[in-house]
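Novice: Got a structure for you, written out below as structure tokens; questions coming shortly.
Numbering (full-length UniProt numbering), first residue to last: 1 to 238.
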């Protein structure tokens, strides 16, 4: 039980990579805080974790797209009260994607919304939960990235740019936390996996060309566990 007694918050926990990461952490003994905006999907993941006999999670319906400082602070206060002022990790899995298209088809509103979810929300959440993370004996923040953040390509526009900014955010966080031996931050890039987002970006791709979500689940456990202690500021391809 590599994550025994840990409390880990997962955004985008209602489906895809977020849901798989949450289940994997719960299976290793963590109490997970499930955060997403779709209540029914969130309840399904909650029920799966409970049915498996893993630590009972918390589920919070929260809209990252519209949240400001006040809402992030309230979420942090709610989680702190529920968990006894404990948080040992965050997995920023929530992502916002419109469609692959040339820049002249993309709108300012689309770019703003993608930055809001993919970059601003992870900053706002990490900032709001900073006191709880600082109090943890071993705190790990994981940002779920995307390969086009490092290899710009036509049609990826706002999504790729917002994910590139996420990499920058992680590097800043890791550098600022370098004086705290109990805190670390890293980017994990899943690659081709069978997630809802991958189906949108690569609709013609065969199932055999994608890995199962369960194939990358152990990586999230590793980066949330004490095994990854001392590693920070890395961009890791799974």
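Here a beta-carbon is modelled for each residue, glycine too, at the ideal position from N, C-alpha and C.
Is residue 36 helix, strand or coil by DSSP?
Specialist: If DSSP states are grouped into helix, strand and coil, residue 36 belongs with the strands.
Novice: Rounded to the nearest angstrom, how far is the Cβ of residue 117 from that of residue 94, given a contact under 8 angstroms?
Specialist: The Cβ separation is near 6 angstroms, so the contact holds.
Novice: According to DSSP, what are the bridge partners of residue 183?
Specialist: 139.
Novice: Name the DSSP bridge partner or partners of residue 161?
Specialist: Its beta-bridge partners do not exist; DSSP assigns none.
Novice: Quick one: residues in its chain with C-beta nearer than 8 angstroms to the C-beta of residue 227, no 5 flanking neighbours on either side, listed in chain order?
Specialist: 2, listed in sequence order.
Novice: Using only the alpha-carbon positions, how far apart do residue 177 and residue 60 sit?
Specialist: The straight-line gap from Cα to Cα measures roughly 27 angstroms.
Novice: Would you call the region 118 to 138 in contact with the region 161 to 172, where contact means no fewer than 3 C-beta pairs closer than 8 angstroms?
Specialist: Output reads yes: the region 161 to 172 touches the region 118 to 138.
Novice: Which value, in whole angstroms, describes the spacing of the CA atoms of residue 235 and residue 186?
Specialist: Answer to the nearest angstrom: the Cα atoms are 6 angstroms apart.
Novice: Is the number of C-beta pairs between the region 99 to 114 and the region 144 to 151 that are closer than 8 angstroms three or more?
Specialist: Taking 8 angstroms as the limit for Cβ pairs, the verdict is that the region 144 to 151 does not touch the region 99 to 114.
Novice: Take every Cβ of the region 85 to 93, pair it with every Cβ of the region 129 to 142, and state whether three or more of those distances are shorter than 8 angstroms.
Specialist: At 8 angstroms Cβ cutoff, the stretches touch.
Novice: Please identify the residue among 161, 192 and 131 whose C-alpha is closest to the C-alpha of residue 237.
Specialist: Per the Cα distances, 192.
Novice: Using only alpha-carbon positions, find the residue among 188, 233 and 132 that is nearest to residue 175.
Specialist: If we check each option's Cα against that of residue 175, 233 comes out closest.
Novice: What's the C-alpha gap between residue 274 and residue 156?
Specialist: A query on residue 274 cannot be resolved here, the shown segment of the chain reaching from 1 to 238 and no further.
Novice: Where does residue 58 sit, in a helix, a strand or coil, going by DSSP?
Specialist: Reduced to three states, the DSSP call for residue 58 is strand.
Novice: Taking the alpha-carbon of residue 92 as reference, which of 154, 199, 214 and 190 has the nearest alpha-carbon?
Specialist: For residue 92, the nearest C-alpha among the options comes from 190.
Novice: Quick check on residue 65: buried or exposed, where buried means 16 or more other Cβ atoms within 10 Å of its Cβ?
Specialist: Flag for residue 65 reads exposed.
Novice: Counting along the chain, where does the alpha helix (DSSP H) carrying residue 79 start and finish?
Specialist: Start and end: 69 to 83.
Novice: For residue 63, I'd like the list of residues in its chain whose CB is within less than 6 angstroms of its CB, leaving aside the five on either flank, ordered along the chain.
Specialist: Hits under 6 angstroms: 37.
Novice: Excluding the five sequence neighbours on either side, which residues of its own chain have a C-beta within less than 7 angstroms of the C-beta of residue 12, listed in chain order?
Specialist: Result list for residue 12: 18, 36, 93, 94 and 95, in chain order.
Novice: Hey, could you find the ends of the beta strand (DSSP E) residue 8 is sitting in?
Specialist: Element bounds for residue 8: 7 to 11.
Novice: Exposed or buried, residue 32, counting other C-beta atoms within 10 Å across all chains shown (16 or more means buried)?
Specialist: Residue 32 should be labelled buried.
Novice: Using a 10 Å radius around the Cβ and a threshold of 16 neighbouring Cβ atoms, would you call residue 20 buried or exposed?
Specialist: It is buried - the Cβ of residue 20 has at least 16 other Cβ atoms within 10 Å.
Novice: Identify which residue in 197, 77, 230 and 6 has its Cα closest to the Cα of residue 130.
Specialist: Of 197, 77, 230 and 6, the residue nearest in Cα terms is 77.
Novice: Find out if the Cβ-Cβ distance for the pair residue 159, residue 97 is shorter than 8 angstroms.
Specialist: Contact: yes.
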